[in-house]
Structure formats: structure tokens, C-alpha cells
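Peer 1: Under the numbering used here, the sequence shown is numbered contiguously, ending at residue 292. Heads up, the beta-carbon is just placed ideally off N, CA and C, and yes, glycines get one too. If you're wondering where the values come from, they're calculated on a predicted model, not measured in any experiment. Got a structure here, written out as C-alpha cells. Questions coming.
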Amino acid sequence: MEPFFSVPQGQDAAVQFLRSEMRCLLSEGIDIKWNKRLIKFEDNGDQVVAFFEDGAHVTGDLLVGCDGGRSIVRELLPHAYGNRLGSIPKVVDSNRAILGGQIDRTPGWDTLLPLNKTGLVRFLGPHAHYMGVCFSERADRSPTIFWAFSEEIEDRNASWYQFDQEQILAHCKRLIEDEPWHESLKKLVYDTPAEAIFAPWLVRSTQFPDSNQFPMVPTGRITLLGDAAHAMPTEKGLGGNHVIEDARLLSALLAAVQDPIDWPGIIEKYEREMFARASAAVQESENAAEYFRGLRSRS
-6 MEPFFSVPQG
4 QDAAVQFLRS
14 EMRCLLSEGI
24 DIKWNKRLIK
34 FEDNGDQVVA
44 FFEDGAHVTG
54 DLLVGCDGGR
64 SIVRELLPHA
74 YGNRLGSIPK
84 VVDSNRAILG
94 GQIDRTPGWD
104 TLLPLNKTGL
114 VRFLGPHAHY
124 MGVCFSERAD
134 RSPTIFWAFS
144 EEIEDRNASW
154 YQFDQEQILA
164 HCKRLIEDEP
174 WHESLKKLVY
184 DTPAEAIFAP
194 WLVRSTQFPD
204 SNQFPMVPTG
214 RITLLGDAAH
224 AMPTEKGLGG
234 NHVIEDARLL
244 SALLAAVQDP
254 IDWPGIIEKY
264 EREMFARASA
274 AVQESENAAE
284 YFRGLRSRS
């Protein structure tokens, strides 16, 4: 896997990879069963049994909920353990959505968007809006430009909020037409085809309990990873980094164990370190989001 964008090492060092290539790399050597929907699990103390919507079930030593901000594993924990639960994070929806799309990157865009030749740029606009723009590539390495608006949601029943690409694009065009955005940014939205519009993405954050009762479940047979444990605003760009660090930490702890395995002890160590790191990252991200909201409100 080769990076397609990088900034030299230093205070602003950055490396950007294609998500599709990262996903392929991380999937190597793993037997993945797609299109499985978890409906319940049973923890008998020695093993965990996961049951799926299609009637299948799988038995294992450890169940890791790495199923995103709307984690089913996390939602099932109170039903399975009741008052025996330890400290469980609460992932909450914000009132902000990300609306965006992509367009072919022709050579002319280097002139129209010169700042983007060194990476993602966040353009601040009025009325609590900002627009993020990033030169990127598709899975086939064809050049593209990603753009995305951040908007406070007033009506989740609005036609544009549902996944209607034509309506979302029309809404974005109205936003950029009615406000004093640069002509190059207006062109970016105007020239985007409706089929290149993404589904709205609701920004989430996490509330952590004051207590530090770990592991979360008494047997140590269930834990969480990534957004399932600590969804955070996008302003700092930290979410993906912490997913990788969660996986590295958990795998390192598991690789070092000896029989008999002390599951509660291993998972307690993982969760204490993971949540301490993640709670700081969530707070940093919230602070950054508040900072940008303040800038936009004054623009």
C-alpha cells in the first residue's frame, strides 16, 4: 500500500491512504463472513455464543464489538448483564450532518483549488457551515475531489436529509448559492453529478461515565473497539487513528497471554488504557468542533 499524499515530518506531518486499500490490507488473513446481523449473544462464562438474524450462530472465547457508532453489541450489553455491568460509554447523536460528494479531478482544479495540493482544506462559511475539500483517488487510482458540508440539522424529516441524491445535491447548491462562497467552491458543487452524492452522515460523540469499573462485563468475554466505544466529532481527524490503536493494543495483549487465560484481567487492562486515551481524544475533538463553530458564528 502506497500513500498518495504526504506532508514532510514535523509539527504538521501527515500521511493519507486510500480507505479501500487500508481495508484490504487489514482484511488479509481474516475469514470474514459478510452480511451477518447480530441479534443477541450468550455469555456462559467460559465462551460466548453470537446469534445472527439468518439463524446462524458462532461460538468463541471473546466477542469484540467493532460495529460502529450504532453498535448492536453495545446496545445488547444491558440486556445481557443488567446491574452487573461496569462502566459503559454512551454514544450520542449530535445535531450536525455531513453532506457531500465527489467529482473527477481534472488538471484545471490544481489552479482553481491551489491550497488543496498540500492536503485537506476546511473552508469556513457563514451560518454554522463549513466545507471540507480534499484531493483524493478512487480505488482504481483515478483522481477525484471529495467535498463535504457540515450543517446543523433542524428537520430530520426534510426531503434532502433522506438518502435522495438529487434532493441532497439541490440542497447543497442552495446553500452555496445563497451564501458568499468562493466561485471555485461553487463550481465544485455545481459540477458534481447527483450519482456522486454520498448518504448523509450524522456526526456522533461519546459520553463517558464518571466511574472506572472495568472490565465492562464481569467475565471479560465482551469488549468494544473503535466507534462502538468512542465515536467522536471529525474536526480533529482522530477517529481512524484510534480505531487502529485500539486494535493494536488489544492484539498485543492477546498475543502475550499464557494459559490459563485471565480474561477479566486482560480486558480490564485493555479497556482502562483504551478509554483513558479515547476520552482525551473525544474531548479534544469536541473542543475543536466548538472552536470552529465559534469561528463560523463570527463569519
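Using a Cβ-Cβ cutoff of less than 7 Å, which residues in the same chain neighbour G53 once the five nearest sequence positions on both sides are dropped?
Peer 2: For the purposes of this step, residue 53 is taken as the residue at position 60 of the sequence shown. Cβ within range, chain order: Q40 and V41.
Peer 1: Determine, using beta-carbon pairs with one atom in the stretch 74 to 93 and one in the stretch 221 to 228, whether at least three such pairs fall under 8 Å.
Peer 2: Because the criterion of three Cβ pairs below 8 Å is met, the stretch 74 to 93 and the stretch 221 to 228 touch.
Peer 1: Where do the ends of the beta strand (DSSP E) carrying G62 lie?
Peer 2: Walking along the sequence shown from the start, residue 62 turns up at place 69. Taken as a continuous stretch (DSSP letters only), G62 belongs to no beta strand (DSSP E), as it is neither H nor E.
Peer 1: Around the C-beta of A294, are 16 or more other C-beta atoms found within 10 angstroms, so that it is buried, or is it exposed?
Peer 2: For the chain, the structure presents residues -6 to 292; residue 294 sits outside this window and is missing.
Peer 1: By how many angstroms is the C-alpha of L106 removed from the C-alpha of K33?
Peer 2: As a working note, residue 33 is residue 40 in the sequence shown. As a working note, residue 106 is residue 113 in the sequence shown. Rounded to whole angstroms, K33 to L106 spans 49 Å at the Cα level.
Peer 1: State the DSSP-derived secondary structure class of F156, mapped to helix, strand or coil.
Peer 2: Counting from 1 along the sequence shown, the entry for residue 156 is found at position 163. Three-state DSSP puts F156 in coil, outside helix and strand.
Peer 1: Taking the continuous beta strand (DSSP E) assigned at M124, which residues delimit it?
Peer 2: Counted from its first residue, the sequence shown places residue 124 at position 131. Run containing M124: Y123 to E130, per the beta strand (DSSP E) assignment.
Peer 1: N234 lies in the alpha helix (DSSP H); which residues open and close that run?
Peer 2: On the sequence shown, residue 234 is found 241 positions in, with the first residue counted as 1. Segment G232 to A248, the alpha helix (DSSP H) holding N234.
Peer 1: Could you please give me the residues that DSSP links to K83 through a beta bridge?
Peer 2: Here residue 83 refers to the residue found at position 90 when the sequence shown is read from its first residue. BP columns for K83 point to Q200.
Peer 1: For V0, count the other beta carbons within 10 Å of its own beta carbon; 16 or more makes it buried, fewer makes it exposed. Which is it?
Peer 2: In the sequence shown, residue 0 corresponds to position 7, counting from 1. Below a pLDDT of 50, predicted positions are generally treated as unreliable, and V0, at 48, falls in that range; no measurement from the model is reported.
Peer 1: How is D24 classed by DSSP in three states: helix, strand or coil?
Peer 2: Reading the sequence shown from its first residue, position 31 is the one you call residue 24. In this structure, D24 counts as coil in the three-state DSSP scheme.
Peer 1: Buried or exposed for F156, going by 16 or more other Cβ atoms inside 10 Å?
Peer 2: Residue mapping note: residue 156 aligns to position 163 of the sequence shown, counting from 1. With fewer than 16 other Cβ atoms within 10 Å, it is exposed.
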